[in-house]
Amino acid sequence: MIFLLNSIFLAPQEAVGYDGISTETKKTSDSEQRDIAVETENKDLVNNDVSLRKIVDSSTKRKWKPWMMDCENETDERGEFLCTEWARGGLCEEHRATMFLFCRKTCLCVGPPQDDDDSTESDDETRRRRRRRRSAAALKSFKSHYKNYYA
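With mature numbering (1 follows the signal peptide of the UniProt record, and there is no 0) applied, the sequence shown covers -17 to -1, 1 to 134.
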């Protein structure tokens, strides 16, 4: 079976021809094959057709304009807080979908927030503040769920 498969496929350098088998070149007449871009029987008809000229003229005279971002009207699909955190984490540069789909304003207009080097808050204080914020959000979510479940 392996021999059979190997005999079917040829390497490109082997695909030049076989001894004893000749190839015939196909003779083409003018009626069979022609390049319509070069040979046009009715050139006057094409040149005089006003609608064709308008199509060609309007498409070739338009100037190309680059796409410009409208930062004043742009919004972040995932919200400003989440996009700011993602930008701070480096997702604007590392993950193109974040930049173009979810956080266009933050990633393409505003940019990632600058880290405050003058901050007097220590890492422990920052962790405690973030932990309190997460705990408060979890408590609020639990109260909302509890209220809806037992109401």
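Yeah, the Cβ is synthetic: ideal placement off N, Cα and C, and Gly gets one too.
Simplified DSSP state of residue i, which is helix, strand or coil
| i | result |
| --- | --- |
| residue 90 | helix |
| residue 128 | helix |
| residue 82 | helix |
| residue 69 | helix |
| residue 118 | helix |
| residue 123 | helix |
| residue 137 | Here the chain has residues from -17 to 134 only, and residue 137 is not among them. |
| residue 111 | helix |
| residue 54 | coil |
| residue 76 | helix |
| residue 63 | helix |
| residue -15 | Residue confidence for residue -15 is low, a pLDDT of 48 falling below 50, so the modelled location carries little weight and cannot support an answer. |
Supposed contact pair residue j and residue i - C-beta distance, whole angstroms, cut 8 Å
| i | j | result |
| --- | --- | --- |
| residue 52 | residue 92 | 7 Å |
| residue 70 | residue 96 | 7 Å |
Any C-beta of chain B under 8 Å from that of residue i
| i | result |
| --- | --- |
| residue 113 | This model lacks chain B altogether, as it is built from one protein chain only. |
Beta-carbon contacts of residue i that lie in its chain and below 7 Å, excluding the five residues immediately before and after
| i | result |
| --- | --- |
| residue 125 | none |
| residue 73 | none |
| residue 110 | none |
Contacts around residue i, its chain only, beta-carbon distance under 6 Å, and the 5 residues preceding and following it disregarded
| i | result |
| --- | --- |
| residue 59 | 66, 86, 88 and 89 |
Are the region 59 to 73 and the region 81 to 92 touching by the rule of at least three beta carbon pairs closer than 8 Å?
-> Taking 8 Å as the limit for Cβ pairs, the verdict is that the region 81 to 92 does touch the region 59 to 73.
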